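Student: In the numbering used here, each residue's number is its place in the sequence shown (first place is 1) plus 29.
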Amino acid sequence: MTEADNSAVPVITIDGPSGTGKGTVARWLKRELGWHLLDSGALYRILGYAAETSQVDLDDEPALVLTAAALQVDFIEQDDGVGVLLAGSNVTDAIRTEACGAAASRVAAHAAVRSALLERQKKFRRNPGLVADGRDMGTVVFPHAVLKIFLTASAEERAQRRYKQLKQKGISVNLAQLLGEITARDRRDEERAVAPLRPATDAVIVDTTRSDIRAVESHIKSLVTDRGLARAIS
Numbered sequence: 030m031t032e033a034d035n036s037a038v039p040v041i042t043i044d045g046p047s048g049t050g051k052g053t054v055a056r057w058l059k060r061e062l063g064w065h066l067l068d069s070g071a072l073y074r075i076l077g078y079a080a081e082t083s084q085v086d087l088d089d090e091p092a093l094v095l096t097a098a099a100l101q102v103d104f105i106e107q108d109d110g111v112g113v114l115l116a117g118s119n120v121t122d123a124i125r126t127e128a129c130g131a132a133a134s135r136v137a138a139h140a141a142v143r144s145a146l147l148e149r150q151k152k153f154r155r156n157p158g159l160v161a162d163g164r165d166m167g168t169v170v171f172p173h174a175v176l177k178i179f180l181t182a183s184a185e186e187r188a189q190r191r192y193k194q195l196k197q198k199g200i201s202v203n204l205a206q207l208l209g210e211i212t213a214r215d216r217r218d219e220e221r222a223v224a225p226l227r228p229a230t231d232a233v234i235v236d237t238t239r240s241d242i243r244a245v246e247s248h249i250k251s252l253v254t255d256r257g258l259a260r261a262i263s
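#1: Roughly how many whole angstroms lie between the Cα atoms of Asp-44 and Lys-193?
#2: Could you check if His-173 is buried or exposed, using at least 16 other CB atoms within 10 Å of its CB as the buried criterion?
#3: What would DSSP say about Thr-254, mapped onto helix, strand or coil?
#4: With DSSP collapsed to three states, give me the class of Gly-50.
#5: Under DSSP, the beta strand (DSSP E) around Asp-122 begins and ends at which residues?
#6: Applying the 10 Å Cβ sphere with the 16-neighbour rule, what's the burial state of Ala-213?
#7: Do Phe-179 and Asp-228 come within 9 Å of each other at the CB atom, strictly closer than that value?
#8: Is the distance from the Cβ of Pro-46 to the Cβ of Arg-164 below 9 Å?
#9: Provide the residue(s) that pair with Thr-212 in DSSP beta bridges, ordered along the chain.
#10: Evaluate Gly-63 with the Cβ neighbour count: other Cβ atoms within 10 Å of its Cβ, from every protein chain shown; 16 or more gives buried, anything less gives exposed.
#11: Do Asp-108 and Lys-177 have their C-beta atoms within less than 9 Å of each other?
#12: Sorted by chain position, which residues of the same chain lie with C-beta nearer than 7 Å to Arg-74's C-beta, five sequence neighbours on each side aside?
#13: Could you give the C-beta distance for Val-160 and Lys-59, rounded to a whole number, given that I count them as a contact under 8 Å?
#14: Is Asp-241 near Thr-181, with beta carbons less than 9 Å apart?
#15: On the CB-based measure, 16 or more other CB atoms within 10 Å of its CB, does Thr-31 come out buried or exposed?
#16: Under DSSP, the beta strand (DSSP E) around Ile-178 begins and ends at which residues?
#17: Anyone know if the C-beta pair for Lys-151 and Val-170 falls short of 9 Å?
#18: Could you name the residues of the same chain whose beta carbon sits closer than 6 Å to that of Glu-90, not counting the 5 residues immediately before and after it, in chain order?
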């Protein structure tokens, strides 16, 4: 199906920085609607991971473009969410580290890399619909989405959430260092020349700093229902 053929397929975009609950909300909405899911951040994390494991310099734009073109990526359902396969190997946990997140932010700053991954992202748009999770889904990849949501939260709250996640996995982590890494990544994403992190002009901004995930889901359920996108969403 070409881009022209699938232009009528509805898309809901969920953008925002890491730690705001994007992934959790996107997976929940995907299940509720029975739509497809695009975790665009995973694509950049996969590229960062593939580049580092292949010893490709993260500032070598031409080499990164070649690496992006050769990626063999599949998303699979797992008990704890969406899993990621790279050339048949499950790299779900490997790409979720803070180091891999930093690598993703660096490779995403290259215009040619973003162009290389743009068409691949658009191909995820298939019937009956798509929930697209990322940083520029509503501003660049799917600017005509039927609903655009931008999740936000304070850097301190996001650092606390990530700290708890890592501690629960038995991973030693320093909260102050984690906050510094998140703040630096936010700055890099917001200030990059290509597709900077910002809400679309017509996006609904949802601050999750003081809201639990159920309250956020309830709010988004109302947004989806108000637009007539899901009569039977539970």
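The beta-carbon is built from N, C-alpha and C at its ideal position, and this holds for glycine as well.
Since the model is a prediction, treat every value here as computed from it, not as a measurement.
Tutor: Checking against the coordinates, here is how it stands:
#1: 23 Å
#2: exposed
#3: helix
#4: coil
#5: Unbroken run through Asp-122: none, as it is neither H nor E.
#6: exposed
#7: According to the sequence as given, residue 228 is Pro; it is not Asp. Cβ distance < 9 Å, so Pro-228 and Phe-179 count as in contact.
#8: yes
#9: Per DSSP, none; premise fails for Thr-212.
#10: exposed
#11: no
#12: Ile-124, Cys-129, Gly-130 and Ala-133
#13: 5 Å
#14: no
#15: With a pLDDT of only 49 at Thr-31, under 50, the local geometry of the prediction cannot be trusted, and the value read off the model is given with reservation. With fewer than 16 other Cβ atoms within 10 Å, it is exposed.
#16: 176-181
#17: yes
#18: His-139 and Ala-141
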